[in-house]
Amino acid sequence: MSWLSPSDWQAVVLSLKVAGWATLLSLPPGLFVAYALARWHFPGRSLVNGLVHLPLILPPVVTGYLLLIGFAPNGVIGAALAKIGITVAFSWRGAALAAGIMAFPLMVRAIRLAIEAVDPKLEQAASTLGASRIASFATITLPLILPGILAGSITAFAKAMGEFGATITFVSNIPGQTQTLPLAIYSQLQVPGGEAEAARLVVISVTLALGALMVSEWLARRIAARIAGQT
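Residue numbers for the sequence shown, in the UniProt record's numbering: 1 to 231.
(1) Starting from residue 52, trace the alpha helix (DSSP H) both ways and give me its first and last residue.
(2) In terms of residue numbering, what span does the alpha helix (DSSP H) encompassing residue 11 cover?
(3) In the DSSP assignment, find the unbroken alpha helix (DSSP H) run with residue 171 in it and report its ends.
(4) Helix or strand or just coil, what does DSSP make of residue 124?
(5) Looking at the secondary structure, which residues open and close the alpha helix (DSSP H) in which residue 118 lies?
(6) Going by beta carbon distance, what residues of the same chain come within less than 8 Å of residue 234, once the five residues before and after it are set aside?
(7) Whose CA, out of 30, 37, 167 and 15, lies closest to the CA of residue 49?
(8) Please look up how many angstroms separate the CB atoms of residue 145 and residue 213, rounded, as I've assumed it's under 8 Å.
(9) Which of the three DSSP states, helix, strand or coil, is assigned to residue 147?
(10) What is the rounded straight-line gap between the Cα of residue 193 and the Cα of residue 61?
(11) On the criterion of 16 or more Cβ atoms from any shown chain inside 10 Å, does residue 195 qualify as buried, or is it exposed?
(12) Considering only the alpha carbon of each residue, which of 201, 129 and 174 lies closest to residue 92?
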């Protein structure tokens with residue numbers, strides 16, 4: 001990796017940091033929303049489902065603009081956070097937020113499909129034996145959907161690594177602060193003679209994305225085999 005410049009390394013490290021936090025913070029609400037959509041029937045369920053998948057339909061720039069309105073220093077949420085010393089807009093935190101929102105639908109869909117594949121009668125049987133809803137979920141459903149959770153998390157991580165439109169709109173393109181790999185590639189393509197460095201960053205992006213998918217597939221097979229061996 002000696003052929004990477006310090007600025008390239010900054011972009012790589014920042015991308016991993018942003019994608020990691022985006023995935024980590026998205027997982028708890030993603031698991032809850034996926035379970036609610038798969039198991040519960042409540043008023044407004046279709047609306048919730050539509051809102052969850054809205055980032056996939058809206059242009060990413062629109063998502064970034066809406067985030068900018070809400071989390072800018074003079075925005076409703078941004079002003080409240082500024083009072084406790086938290087800055088989101090034009091920072092790596094904002095990049096993680098934008099990436100997490102764009103990747104959230106992919107995570108929810110993968111986990112929801114895994115939950116729907118589990119027979120609800122298993123949870124009902126645990127309930128008749130005295131287990132609470134949380135206990136039956138933790139001991140029965142959660143182990144069975146681990147491959148889906150893993151697949152959703154890795155997919156969300158890869159999506160967050162490649163997020164561009166919402167990120168550049170919300171946090172701009174500041175080297176060393178918000179310039180992730182996609183933004184660094186874009187910047188190099190705007191500079192005469194920057195195609196070679198852009199190509200190096202493209203190779204890194206493709207390698208990381210393929211590596212994440214291969215690791216996800218390998219871990220999913222291992223977890224599925226272990227679950228099958230325990231049943």
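We put the CB at the ideal spot given by N, CA and C, even for glycine.
None of the values given here were measured: they were computed from a predicted structure.
With the structure as the only source:
(1) 45-57
(2) 6-39
(3) 165-171
(4) helix
(5) No alpha helix (DSSP H) contains residue 118, which DSSP labels as neither H nor E.
(6) As displayed, the chain neither begins before 1 nor continues past 231, which places residue 234 out of reach and without an answer.
(7) 37
(8) Incorrect: roughly 19 Å between the Cβ atoms, too far for contact.
(9) helix
(10) 28 Å
(11) exposed
(12) 174
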